[in-house]
Amino acid sequence: MNTRELVLDMLLEMERERVYSNLLIRRVLDKYDHLPAKDKAFVKRAAEGTLERRIQIDYIIGQFSKTPVEKMKPLIRNLLRMSAYQILFMDGVPDSAACNEAVKLAAKRKFQSLKGFVNGILRSIVREKDVILSGGGEKAFYPDREKTPLAYLSVLYSMPECLAAMWLEEYGMERTEKMLQAMLEVRPVIIRIKESLTEEEKQALLRDMEEAGIGAEQHPYLPYAYSLEHVEGVRNIPGFDEGAFAVQDISSMLCVECAGIKEGSFVVDVCAAPGGKSAHGAEKTGEKGRVLARDISEEKVDLIRENAERLRLKNIKAEVFNAMEHDGGLDGKADTVLADVPCSGLGILGRKRDIKYRITEEMLAELPGVQRKILEKAQCYVRPGGTLVYSTCTIRREENEENVRWFLEHFPFTAEDISGRLAHVPQAETAADGYVQLLPGVHSADGFFIAVFRRKGNVD
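So, in C-alpha cells, the structure goes:
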C-alpha cells in the first residue's frame, strides 16, 4: 500500500465530504492496521499536518503557481499540499522523495499532463525552503508583521482571519502570536494517575512506562498529572487495561479541582461524555458518594460507561438526558454540578484541526444561547451552599466571561474564590473573582475556561 496515496485520498475525502479528520484517520489506520508502525505514523502525521497548516501551505504554493490554488483540480491541489508539507515540516522525508513520489502519483491518478506542473512547483519550494522556513528575511516572503498584522498571523500560523482578528482585538499582538504558535506545537499525552494508588504502586507504574520507552514527567500544576512522550497509542501504555490512570488534559483536571468536591458528595455532570470529569469527580467523592453522568445520546453515554468500567469506578451512573431539558426530580439535590457545555472549541484547535475551518458566524452567534439554556437548567439541581462549575474549551469572551456576568445577574449564586485551588497555575489573576481563562502559550494547557459559582441560602 502506497502510504502517500492513502494520505491523498484522506485529504480528498475531508475536502469533499467534510468528514472529521480524527474519525477518518482512525478509520483508515484501523483498516490498514497491518502496516508497520513507521508507515502508520507517517500517514497520521502527514494527514494531520497538511490539514493543520493548510492556509500557510496554500499561500506558499500560490507564490510559485500562476494558477490560484482554489482553481486547481482537487487532486492536484491536495497532492501539492501534502508534498509541500513533507518538504517543509517533516525532517525525516528527503525532498527528492516528496517530489518524485508526487509526480508518480499525478501520473498514476490520470494527470500525466500535469506532472511537469507538479514537479516545477515542488522543486521551487525545495529551492526556497530556507527562505520559507526562516520567515523570508529581506525577501519578505510572508505578509509584513507590522504593516499587515492580521494577514501575517493568518498565513504564518494557518488561522482563518476572522479568528485571528478576534484574538488580536482582545489580547493584542504579542499574546495572540504566542497562542497561535502554541496551537501548532506537538502536544504530549496527558494522564491523570489515580490518587487511590499507593506511592509504591505509582512508582511501579512509572517504571513500567520507562521500560516501555515512554517518557513521563510530572506536570507543574497537579501532582497526579503526567506528560507522556513517545506514546504509540494510549491502549499500549502500561497500566491502561488495569485502570491505573485516565487520559485527561490538565485543564479538565483543574476544572474538577476547582469544584472542591468533598468525600461523600453527590455530583451531577450534565454534559459528561467521554467521562473524564465524571471519573475524576467519582474518585474525589469516593465510595460513599456518587456521580450522575449524563449526555445527549446512547453513543456518548456508552463512552462514559466504558471509561468508568476501565477505571473500576462503581459509583458512577451514566444515562441519556438532554441538558437543555429540566429534570424536576433533581432540583436542589446536588452538592456539585459540572456543566462543561458545548462550545466553539477554539481552545483545542491544536488537537481538533478541523474546527477552525468549520466555524461560521451563525454558529458563533447561536452558541451563547445554547450555553445559557443549559446553565438555566443545571442551576436548578444545586442545593443551597452547593457549587456549579461552568466550563468550556474555548477562548471567546461571549461564551465565557459574558456568560458568567449574565448568570450572576439572573440566578441566586455568588462567584467562588478559586485562587487557592489554582495555586500552582501562573497568570490566574481572575481566580479570586471565581473564574480563569487558560491560554495556549501562556499556560501549560489547552485553551480552557473555568468558572465556579456557589448557591446562596442556608446549608443543611
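The opening residue of the sequence shown carries number -5 in this note's numbering; numbering runs sequentially from there. By construction, the Cβ of each residue, glycine as well, lies at the ideal position given by its N, Cα and C atoms. Remember, it's a predicted structure, so these values are computed and weren't measured experimentally.
Cβ shell of residue i (< 7 Å), same chain only, five flanking positions each side left out
{"i": "Val97", "result": "Lys109, Val112, Asn113"}
{"i": "Gly237", "result": "Arg304, Leu305, Arg306"}
{"i": "Glu293", "result": "none"}
{"i": "Gly207", "result": "His224"}
{"i": "Ser272", "result": "Asp263, Ala266, Val285, Ala287, Ile298, Ile310"}
{"i": "Glu95", "result": "Arg(-2)"}
{"i": "Ile255", "result": "Val261, Gly275, Lys278, Thr279, Thr330"}
{"i": "Val250", "result": "Lys271, His274, Gly275, Lys278"}
Contact belief for residue i with residue j at Cβ below 8 Å, rounded distance in angstroms
{"i": "Ala253", "j": "Val446", "result": "7 Å"}
{"i": "Ile49", "j": "Met153", "result": "7 Å"}
{"i": "Ala328", "j": "Phe260", "result": "5 Å"}
{"i": "Arg117", "j": "Cys93", "result": "6 Å"}
{"i": "Val1", "j": "Ala31", "result": "Not really, about 16 Å apart at Cβ, beyond 8 Å."}
{"i": "Val383", "j": "Tyr429", "result": "No, Val383 and Tyr429 are not in contact; Cβ-Cβ is about 10 Å, not under 8 Å."}
{"i": "Lys371", "j": "His404", "result": "That pair is no contact at about 13 Å."}
{"i": "Tyr218", "j": "Arg181", "result": "Tyr218 to Arg181, Cβ: 19 Å. No contact."}
{"i": "Leu178", "j": "Gly344", "result": "7 Å"}
{"i": "Phe407", "j": "Lys450", "result": "7 Å"}
{"i": "Phe239", "j": "Lys188", "result": "6 Å"}
{"i": "Ile184", "j": "Ile126", "result": "Ile184 to Ile126, Cβ: 32 Å. No contact."}
{"i": "Arg103", "j": "Leu69", "result": "6 Å"}
{"i": "Gly441", "j": "Leu340", "result": "6 Å"}
{"i": "Thr381", "j": "Glu410", "result": "6 Å"}
{"i": "Glu393", "j": "Pro420", "result": "Contact doesn't hold; Cβ gap of about 23 Å is too wide."}
{"i": "Glu313", "j": "Val295", "result": "6 Å"}
DSSP beta-bridge partners of residue i
{"i": "Lys311", "result": "Leu286"}
{"i": "His437", "result": "Pro434"}
{"i": "Ala445", "result": "Tyr384, Tyr429"}
{"i": "Gly209", "result": "Glu223"}
{"i": "Val261", "result": "Val285, Thr330"}
{"i": "Ala41", "result": "Answer by DSSP bridge pairing: none, since Ala41 is not bridged."}
{"i": "Val455", "result": "No answer is possible for residue 455: the residues shown for the chain start at -5 and end at 454."}
Same chain only: Cβ atoms within 6 Å of residue i, ignoring 5 sequence neighbours per side
{"i": "Ile290", "result": "Asn316"}
{"i": "Glu46", "result": "Arg347"}
{"i": "Ala210", "result": "Leu200, Met203, Tyr220, Leu222"}
{"i": "Trp161", "result": "Thr170"}
{"i": "Ser59", "result": "Ile115"}
{"i": "Glu168", "result": "none"}
{"i": "Lys67", "result": "none"}
{"i": "Ile342", "result": "Cys387, Asp440"}
{"i": "Ser148", "result": "Glu155, Ala158"}
{"i": "Ile412", "result": "Cys252, Ala425, Val446"}
Boundaries (first-last residue) of the beta strand (DSSP E) holding residue i
{"i": "Ile19", "result": "Careful: Ile19 lies outside any beta strand (DSSP E), inside the alpha helix (DSSP H) at 15 to 25."}
{"i": "Arg186", "result": "183 to 187"}
{"i": "Ala409", "result": "407 to 409"}
Beta-carbon proximity list for residue i, same chain, < 8 Å, skipping 5 on both sides
{"i": "Asn309", "result": "Ala276, Thr279, Gly280, Glu281, Gly283, Arg284, Val285"}
{"i": "Gly258", "result": "Thr279, Gly280, Lys282, Gly283"}
{"i": "His418", "result": "Pro214, Tyr215, Leu216"}
{"i": "Thr424", "result": "Val430, Gln431"}
{"i": "Arg391", "result": "Glu164"}
{"i": "Glu7", "result": "Val13, Leu18"}
{"i": "Gln175", "result": "Tyr151, Gly435"}
Residue i - containing alpha helix (DSSP H), residue span
{"i": "Thr279", "result": "270 to 279"}
{"i": "Ala158", "result": "155 to 177"}
{"i": "Ala91", "result": "89 to 102"}
{"i": "Tyr351", "result": "349 to 352"}
{"i": "Thr(-3)", "result": "-3 to 11"}
{"i": "Tyr79", "result": "68 to 83"}
{"i": "Val295", "result": "292 to 304"}
{"i": "Gly56", "result": "48 to 56"}
{"i": "Val398", "result": "395 to 404"}
Any C-beta of chain B under 8 Å from that of residue i
{"i": "Leu402", "result": "Protein chain content of the structure displayed is limited to a single chain, and chain B is not contained in it."}
**OP:** Scan the region 219 to 258 and note each continuous alpha helix (DSSP H) run of 4 residues or more that stays entirely inside, going in chain order.
**Re:** 244 to 253
Original post:
At which residue ranges does the region 112 to 148 contain complete alpha helix (DSSP H) runs of 4 or more residues, listed in the order of the chain?
Top reply: 123 to 128
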